[in-house]
Amino acid sequence: MDEFELAVCEQFNHYNRRRDVSGFFGWISRLGDGVIWYALMLALPLIHGPQAAWVSLQMAVVGLASLPLYKWLKRRTSRRRPCHRGRPFARTVDPLDEFSFPSGHTMHAVGFAVILVAWFPVWAWLVVPFAVLVAASRLVLALHYPSDVAMGALIGATVAATVLGLVSLL
Numbered sequence: 001m002d003e004f005e006l007a008v009c010e011q012f013n014h015y016n017r018r019r020d021v022s023g024f025f026g027w028i029s030r031l032g033d034g035v036i037w038y039a040l041m042l043a044l045p046l047i048h049g050p051q052a053a054w055v056s057l058q059m060a061v062v063g064l065a066s067l068p069l070y071k072w073l074k075r076r077t078s079r080r081r082p083c084h085r086g087r088p089f090a091r092t093v094d095p096l097d098e099f100s101f102p103s104g105h106t107m108h109a110v111g112f113a114v115i116l117v118a119w120f121p122v123w124a125w126l127v128v129p130f131a132v133l134v135a136a137s138r139l140v141l142a143l144h145y146p147s148d149v150a151m152g153a154l155i156g157a158t159v160a161a162t163v164l165g166l167v168s169l170l
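For the sequence shown, this note's numbering assigns the number 170 to the last residue and increments by one with no breaks.
As structure tokens, then:
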């Protein structure tokens, strides 16, 4: 499977050789580090009123609940990143940690987007494409394999759905 996924990574990473593409996806990756989400969590009550603090809290819970699972999986699988496999990938962004599986950027982007869109669907036009771009950036930058990104999205969506389910019981 790794060889197939490496070939897919090479195809995505081919686009990273263009300066405009590498700059764009590098910027998306940096935004996906969390800054944009934390700023949005702080801004939601200012935009939608004090009741939106509840939504920000749910987003924070998703992030905090996902983090230990993410770290445990990274240590447990110890999967080397595509960019560390000796292939001539075009690298423009350094990874935040050593291992590849799962994609934490994708996990958080999807988890936060699910919570936000569940409460404020008007945000879908912005956060859904952003989450997709964050996921794509992980492949274009050769930081993750497709299965890392898919599992990150699945974990993020599952944790967010669990939080929403628990909130509905309150």
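Ideal Cβ placement from N, Cα and C applies to all residues, glycine included.
CA nearest to the CA of residue i, picked from the options
| i | options | result |
| --- | --- | --- |
| Y15 | L169, S137, W54 and T162 | S137 |
| V179 | E3, S56 and A142 | Limits of the chain in this structure are 1 at one end and 170 at the other, which puts residue 179 out of reach. |
| P82 | L141, A43 and Q58 | L141 |
| W119 | V149, W54 and V21 | W54 |
| F12 | L139, L44 and L166 | L139 |
| S147 | L166, R79 and F130 | R79 |
| A157 | S168, L170 and A131 | A131 |
Distance CB(residue i)-CB(residue j) smaller than 8 Å
| i | j | result |
| --- | --- | --- |
| H108 | W37 | yes |
| H144 | S100 | yes |
| V134 | G63 | no |
| V110 | A153 | yes |
| A113 | V122 | no |
| I155 | P102 | yes |
| L6 | R85 | yes |
| M151 | I115 | no |
Integer Cβ distance of residue i from residue j, believed to fall under 8 Å
| i | j | result |
| --- | --- | --- |
| V93 | G23 | That belief does not hold up - the Cβ atoms of V93 and G23 are roughly 10 Å apart, past 8 Å. |
| V163 | V61 | 5 Å |
Extent of the continuous alpha helix (DSSP H) run through residue i
| i | result |
| --- | --- |
| T158 | P146 to S168 |
| A142 | Element bounds for A142: n/a, residue is neither H nor E. |
| S29 | R19 to L31 |
| P45 | V35 to H48 |
| A16 | First, the residue type needs correcting, since residue 16 is Asn and not Ala in the sequence shown. Segment: none, N16 is in no alpha helix (DSSP H) and carries neither H nor E. |
| Q58 | A52 to T77 |
| V114 | G104 to W119 |
heavy atom of the ligand HEM below 7 Å from residue i C-beta
| i | result |
| --- | --- |
| T92 | Ligands displayed in this structure: none; no statement on the ligand HEM is therefore possible. |
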